[in-house]
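Visitor:
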Amino acid sequence: MDRGTYTSIRKFRHPSVEGVTVAQRLKEVDVVVIGVGMVGSILAKELAAAGYKVVGLERGTTRFTVPEFQSPGIHDELRFDVRKALMQDNTREPVTFRNHSSETGLPIRRWESFLPGTGLGGSMVHWNGQTFRFQANDFELATRTRERYGKGFLDPDLTLQDWGVTYDELEPHYDRFEYLLGTSGKAGNLKGQIQPGGDPHESPRSRDYPTPPQKEHYSGALFRKAASSLGHHPFPQPSSNLSQPYTNPEGLKMNTCVFCGFCERYACEHYAKSTPQTFILPVLLANSNFELRTGCQVQRINLDSSKKRATGVTYIDNAGRELEQPASLVITCLFAINNIRMLLLSGIGKPYDPVTGKGVVGRNYAYQTMSTVASFFDEDVIINPFMASGASGTMINDFAGDNFDHSGLGFVGGAFIGAVNTNGRPIQYHPTPPGTPTWGKGWKDAVVKHYNHTVMFSLHGSSVSQRQNYADLDPTYKDAWGQPLLRITFDFPKNDLRMAEYVTARGVEIGKAMGAKQVVGSPRKGPYTTQQYQTTHNTGGTVMGNDPSTSVVNRYLQSWDVPNVFVIGASAYPQNASWNPTGTLGALTYWVADALKSRYLKNPGHLVSP
Amino acid sequence: MKLPTSPHVTRRSFVVSAGVATVVPPAVALVAGSAGAAAAAAHHPARSSPPALASAAAPVPPVSSTPERPVYLFFNTAEVQFIEAACERLIPADDAGAGALAAGVPNYLDKQLGGAWGAGERLYRSGPWIQGSPSQGYQLPFTPAELFRTALRAINTDLARRGPPFSELSADAQDDYLKSLEKGNHDLDGVPAAVFFDMLLKMSIEGFFSDPVYGGNRDMVAWRMIGFPGAYADYYEAIDHHGVKFERAPMSIGEDGQGHVHVHPEIPASVG
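Protein chains in written order, with the numbering used here: chain A, 176 to 785; chain B, 105 to 376.
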């Protein structure tokens, strides 16, 4: 297979002026894509296929299913799970963190709470494959909450806002993304008609999933029966670990998932988990309009003297050489927090100030509010937790989003509740009931007793944006290239802690209805800690919207300030919803690709007047 | 509760078609979990997928009852005495199975601390060094190797003042001493005792449950104890047998070092 054109930078001599090295200026291209992950590879493919010269700058290495992802080496919990082999190199590029602006931000010296990836294919290489759409309500959350519950319903510090794009506008792009991935699921609402066995709460979809749901794990079967008995509406979790062989519209074939139980934090050796390596890269890399360069650490997007036009980017390659890549259009497609940092380092958009509430870059940083319910069974109930795909759960949306009446509850948002059995890898997974000693015979006996007899629920909660939560550049700590780190200031809003209490109580009811001997609900509590894995669903900071005073990019993810810069990532979400963010990011990617091809590239300029 | 009934499963041999169809002993068996249904044992049915995925030929490694003496590269003699005794209290041998010592956990710690992990792999190591809130995590300049060396020296000095070495204390006295570290009210030459204890415990659990190629979990004793099949990867047929115990000797990465390559002629990503 053709893996694209790799440019050897060696042919360029490095000029120096009186001992000061200056960047080598390369030949101008139409488009520079920063980050060749899910967003970057899809957009690059669309634009290269439309005839534009595209350069993709990836800081990590190339990697492919063969040889990099092959088993059994890929099934190494210590290397990939505990030591986090696929993640962003935090020894060179960490972030700093504090709960409140009264504290000093300190570097997260080891990743724990969230795990940004690096390398070709980006974070999607190590995802679980849980592929959701948000609901119509989510895109107009501020308006609809005000309409349904009145003006004074929300806590005054919350900064919820509408997205500037609607579900109906995104629906064709959700559809296209799901068919690119081959997502396995069951429709619950086809053009307004509720479908048995699917999610009755979902917003209307134009057609069913491309492939049927994955097989149901025992924990899912127990959950399904219990949730039904309580009047809820269980359905199979949409999964991009495929239930059957599939050929996508790009002509790429994928394979059936065998439930190996090594998805999240791992790469898939079976061509069964949809990642850029399976669904787009072979097509992209075969297009001579595209050039992939790896080992390229982009330092900044360069602006002209007006500060209203980008001229390209400056990056340092893996041999330490500084290079300037001029381009007519710059698209930053980084992981959410890295998108924020790229704009701050480039001086694009006004940084947010939490004291005045003015400024936009870094504003509305949000996350995901994760709670759990553990159901401990007798030893004659065999769960086999190691038989798993990352997304083959059984779940309900009855307490997600605005699918239930929040009157009198004192919070907005909710969570999906699901028996989402993703693995039984024992360094990290060995559930024990409360009161178990943390070591010694008591611990060991409890681990043996409960390992194969426990069902864990995931309660995947929304995250509201709040005035005090934001990201900016750290005043002290630097990366390996001497640039300031991103500093995150975040704690769980009270709204979300109340939500977690409420939905966890609903989860406990389901656990009890399953007949478990002991059911333990663990609603998320504050303060937010960087020391426990929760999710890698960091959102906000470069949010989209229709008002330049409260958004960084317009509804087409185009910078209000520098219109030849587009910023695409979950950093665009004004607040986070009750589901995993990847499906919505895929839809936004195609939404932007359409706007670029049909409008922007034909007549560059503001797609929305600022 | 009423137990869900197991689906009907039948006993049949595992057939692998590798040139000539061969009947091989079943390496994978689904055995009903409840005693009453034990008769409903079944074997992993044959699959039509490439024989490379079949598990039947995986060798069952020997189970040895006496641990080999590890060659310690990082720990000195005094440190080994403390580490071996302490690990065995953290994860003791009992009726459920081997403890940390038989599983080679001290050997795992030794190889990790003497290698890249000990030197600060995956640890951001630029100052300034400011102690923050628990939410901000580890903020000490010590690498794991430095942290262990510093803390162990302080511990052994402290123990020497008290009397017999740790390894000669009664199990109860050893537990009391470990609890005093866990509570972390004192300082071990700059290392908070609780930080050292936490790292010792975390790494002991890693050594117990990680693949044996890293020097612990010897003969996959920890995986056998809980029924985890290790690096084994194919449950496509088995996942439908709800509530049925999966019986198979676990598999280590080391049994198949370079593995097998999943090549599918029609998948472009597999032929580059």
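Glycine included, every Cβ here is placed at the ideal spot set by N, Cα and C. Just so we're clear, the structure is a prediction, and the values are computed from it rather than from any experiment.
Could you tell me the distance, in whole angstroms, from the CA atom of Val-135 of chain B to the CA atom of Ala-260 of chain A?
Guide: Residue 135 of chain B sits at position 31 when you count from the first residue of the second sequence. Residue 260 of chain A sits at position 85 when you count from the first residue of the first sequence. Caution is warranted here: a pLDDT of 40 is assigned to Val-135 of chain B, below 50, making its placement in the model unreliable, and the coordinate value is therefore given only provisionally. The alpha-carbon atoms of Val-135 of chain B and Ala-260 of chain A are separated by roughly 36 Å.
Visitor: I need the straight-line Cα distance from Asp-580 of chain A to Arg-323 of chain A, nearest angstrom please.
Guide: Within the first sequence, residue 580 of chain A is the residue found at index 405, counting from 1. Within the first sequence, residue 323 of chain A is the residue found at index 148, counting from 1. Between Asp-580 of chain A and Arg-323 of chain A, the C-alpha separation is close to 9 Å.
Visitor: Comparing alpha-carbon positions, which option in A:Thr-386, A:Ala-224, A:Asp-256 and A:Arg-319 lies nearest Ser-288 of chain A?
Guide: Residue numbering aside, residue 288 of chain A sits at position 113 when the first sequence is read from its first letter. The candidate whose alpha carbon is nearest that of Ser-288 of chain A is A:Asp-256.
Visitor: Going by DSSP in three states, Gln-240 of chain B sits in which element: helix, strand or coil?
Guide: Residue mapping note: residue 240 of chain B aligns to position 136 of the second sequence, counting from 1. Gln-240 of chain B: helix per DSSP, three-state reduction.
Visitor: How would you list, in chain order, the residues of chain A whose beta-carbon sits under 9 Å from the beta-carbon of Ser-237 of chain B?
Guide: If you number the second sequence from 1, residue 237 of chain B lands on position 133. Chain A residues near Ser-237 of chain B: Arg-273, Asn-274, Glu-278, Leu-281, Pro-702 and Thr-704.
Visitor: Do you know how far the Cα of Ser-216 of chain A is from the Cα of Ala-223 of chain A?
Guide: Numbered from 1 along the first sequence, position 48 holds the residue referred to as residue 223 of chain A. Numbered from 1 along the first sequence, position 41 holds the residue referred to as residue 216 of chain A. Distance between the alpha carbons of Ala-223 of chain A and Ser-216 of chain A: 10 Å.
Visitor: Buried or exposed: Trp-656 of chain A, going by 16 or more other Cβ atoms within 10 Å of its Cβ?
Guide: What you label residue 656 of chain A is simply residue 481 of the first sequence in a count that begins at 1. Exposed, by the Cβ-count rule.
Visitor: So, is the C-beta of Gly-347 of chain B closer than 9 Å to a C-beta in chain A?
Guide: Stepping through the second sequence from its first residue, residue 347 of chain B is reached at position 243. So, interface residue.
Visitor: When you compare each of A:Tyr-703, A:Ala-680, A:Tyr-708 and A:Pro-702 to Glu-695 of chain A by their alpha carbons, which one comes out closest?
Guide: Within the first sequence, the letter at position 520 stands for residue 695 of chain A. According to the sequence shown, residue 695 of chain A is Val rather than Glu. For Val-695 of chain A, the nearest C-alpha among the options comes from A:Ala-680.
Visitor: Starting from the N-terminal side, write out each stretch of the beta strand (DSSP E) that is 3 residues or longer and does not extend beyond the region 649 to 734 of chain A.
Guide: Fully enclosed beta strand (DSSP E) runs of 3 or longer: 659 to 664 and 693 to 697.
Visitor: Under 7 Å Cβ-Cβ, which residues of chain A neighbour Tyr-228 of chain B?
Guide: Against the second sequence, residue 228 of chain B aligns to sequence position 124. Under the 7 Å cutoff, chain A gives Asn-265, Thr-266, Pro-269, Pro-282 and Arg-284.
Visitor: Can you tell me the Cβ-Cβ gap for Tyr-384 of chain A and Glu-353 of chain A, rounded? I've got them flagged as a contact below 8 Å.
Guide: In the first sequence, the residue the question calls residue 384 of chain A occupies position 209. In the first sequence, the residue the question calls residue 353 of chain A occupies position 178. That pair is a contact at about 6 Å.
Visitor: Round the Cβ separation of Glu-233 of chain A and Pro-501 of chain A to the nearest angstrom and send it over; I've been treating them as touching at under 8 Å.
Guide: Numbered from 1 along the first sequence, position 58 holds the residue referred to as residue 233 of chain A. Numbered from 1 along the first sequence, position 326 holds the residue referred to as residue 501 of chain A. Actually they are not in contact, since the Cβ atoms of Glu-233 of chain A and Pro-501 of chain A sit about 19 Å apart, beyond 8 Å.
Visitor: Against chain B, which members of the region 243 to 255 of chain A pass a CB distance test of less than 7 Å?
Guide: Under the 7 Å Cβ criterion, the region 243 to 255 of chain A contributes Gln-245, Ser-246, Pro-247, Gly-248, His-250, Asp-251, Glu-252 and Leu-253.
Visitor: On a CA-only basis, which of B:Arg-266, B:Ser-230, B:Ala-258 and B:Gly-222 is nearest Phe-178 of chain B? Give me that one, please.
Guide: Along the second sequence, read from residue 1 onward, the residue named residue 178 of chain B stands at position 74. For the residues B:Arg-266, B:Ser-230, B:Ala-258 and B:Gly-222, the minimum Cα distance to Phe-178 of chain B belongs to B:Gly-222.
Visitor: Does His-781 of chain A get closer than 9 Å to chain B when you measure Cβ to Cβ?
Guide: Counting from one through the first sequence, the residue named residue 781 of chain A turns up at place 606. No - not a single Cβ of chain B is within 9 Å of the one on His-781 of chain A.
Visitor: If contact is defined by three or more beta carbon pairs under 8 Å, each pair taking one atom from either stretch, is the region 334 to 346 of chain A in contact with the region 723 to 733 of chain A?
Guide: Yes, the region 723 to 733 of chain A is in contact with the region 334 to 346 of chain A.
Visitor: Any C-beta of chain A sitting closer than 9 Å to the C-beta of Ala-286 of chain B?
Guide: The count along the second sequence starts at 1 and reaches residue 286 of chain B at position 182. Per the sequence shown, residue 286 of chain B should be read as Glu rather than Ala. Glu-286 of chain B counts as touching chain A.
Visitor: Show which residues of chain A have a CB atom less than 7 Å away from the CB atom of Phe-186 of chain B.
Guide: By one-based count along the second sequence, residue 186 of chain B stands at place 82. Residues of chain A passing the Cβ test: none, with the nearest at roughly 16 Å.
Visitor: What distance in whole Å lies between the Cβ atoms of Arg-351 of chain A and Asn-364 of chain A, which are believed to be in contact at a cut-off of 8 Å?
Guide: Position 189 of the first sequence holds residue 364 of chain A. Position 176 of the first sequence holds residue 351 of chain A. About 18 Å separates the two Cβ atoms, so there is no contact after all.
Visitor: With a threshold of 9 Å between beta carbons, is Phe-252 of chain B in contact with chain A?
Guide: As a position in the second sequence, residue 252 of chain B is number 148, starting the count at 1. For Phe-252 of chain B, the answer is no, since every Cβ of chain A falls outside 9 Å of its Cβ.
Visitor: What residues in its chain sit with their C-beta under 8 Å from that of Ala-768 of chain A, if we drop five residues either side in the sequence?
Guide: Taking the first sequence and counting its residues from 1, one reaches residue 768 of chain A at position 593. Only Ile-217, Leu-218, Glu-221 and Leu-222 meet the Cβ criterion.
Visitor: For Tyr-176 of chain B, would you say it is in contact with chain A, using Cβ-to-Cβ distances shorter than 9 Å as the test?
Guide: What you label residue 176 of chain B is simply residue 72 of the second sequence in a count that begins at 1. No - not a single Cβ of chain A is within 9 Å of the one on Tyr-176 of chain B.
Visitor: When the Cα atoms are used, what is the spatial distance from Pro-387 of chain A to Tyr-242 of chain B?
Guide: Taking the first sequence and counting its residues from 1, one reaches residue 387 of chain A at position 212. Taking the second sequence and counting its residues from 1, one reaches residue 242 of chain B at position 138. Going from the Cα of Pro-387 of chain A to the Cα of Tyr-242 of chain B covers about 45 Å.
Visitor: Looking at chain B, which residues of the region 378 to 393 of chain A have a Cβ within less than 7 Å of any of its Cβ atoms?
Guide: If the cut-off is 7 Å between Cβ atoms, the region 378 to 393 of chain A has Lys-390, His-392 and Tyr-393 near chain B.
Visitor: Can you grab the Cα-Cα spacing for the pair Asp-344 of chain B / Ala-688 of chain A, in whole Å?
Guide: Mapped onto the second sequence, residue 344 of chain B falls at position 240. Mapped onto the first sequence, residue 688 of chain A falls at position 513. Taking the straight line from one Cα to the other gives about 22 Å.
Visitor: Let me check understanding here. Comparing Cα to Cα, which of A:Glu-377, A:Phe-309, A:Phe-398 and A:Pro-659 lies closest to Thr-569 of chain A?
Guide: As a position in the first sequence, residue 569 of chain A is number 394, starting the count at 1. For the residues A:Glu-377, A:Phe-309, A:Phe-398 and A:Pro-659, the minimum Cα distance to Thr-569 of chain A belongs to A:Phe-398.
Visitor: Tell me the DSSP secondary structure of Val-548 of chain A in three-state form.
Guide: In the first sequence, the residue the question calls residue 548 of chain A occupies position 373. In this structure, Val-548 of chain A counts as strand in the three-state DSSP scheme.
Visitor: From which residue to which residue does the alpha helix (DSSP H) around Tyr-281 of chain B run?
Guide: Looking up residue 281 of chain B in the second sequence gives position 177. Looking at the DSSP string, the run of the alpha helix (DSSP H) that includes Tyr-281 of chain B is 275 to 287.
Visitor: For Tyr-380 of chain B, collect the residues of the same chain with a Cβ closer than 6 Å to its Cβ; drop the 5 residues on either side in sequence, then sort them by chain order.
Guide: This structure cannot settle anything about residue 380 of chain B, because the visible part of chain B is limited to 105 through 376.
Visitor: One question on the structure: do Ala-249 of chain B and Leu-273 of chain B come within less than 9 Å of each other, judged by their Cβ atoms?
Guide: The count along the second sequence starts at 1 and reaches residue 249 of chain B at position 145. The count along the second sequence starts at 1 and reaches residue 273 of chain B at position 169. No, Cβ-Cβ distance for Ala-249 of chain B and Leu-273 of chain B is not below 9 Å.
Visitor: Using DSSP with H/G/I as helix, E/B as strand and the rest coil, what is Met-562 of chain A?
Guide: Here residue 562 of chain A is taken as the residue at index 387 of the first sequence, counted from 1. Of the three classes helix, strand and coil, the one that applies to Met-562 of chain A here is coil, per DSSP.
Visitor: For the region 321 to 334 of chain B, which residues have a CB atom closer than 8 Å to at least one CB atom of chain A, in sequence order?
Guide: Within the region 321 to 334 of chain B, the residues whose Cβ lies closer than 8 Å to some Cβ of chain A are Ala-326, Trp-327, Met-329, Ile-330, Gly-331, Phe-332, Pro-333 and Gly-334, listed in chain order.
Visitor: Are there 16 or more other CB atoms within 10 angstroms of the CB of Asp-722 of chain A, so buried, or fewer, so exposed?
Guide: Residue 722 of chain A sits at position 547 when you count from the first residue of the first sequence. With fewer than 16 other Cβ atoms within 10 Å, it is exposed.
Visitor: Which one of A:Arg-699, A:Gly-367 and A:Trp-766 has the shortest CA to CA distance from Val-546 of chain A?
Guide: To locate residue 546 of chain A, count along the first sequence from 1; it is residue 371. Contrary to the premise, residue 546 of chain A reads as Ser rather than Val in this sequence. When each option's Cα is compared against that of Ser-546 of chain A, the closest is A:Arg-699.
Visitor: By the three-class DSSP mapping on this structure, what secondary structure does Leu-782 of chain A have?
Guide: Counted from its first residue, the first sequence places residue 782 of chain A at position 607. Leu-782 of chain A: coil per DSSP, three-state reduction.
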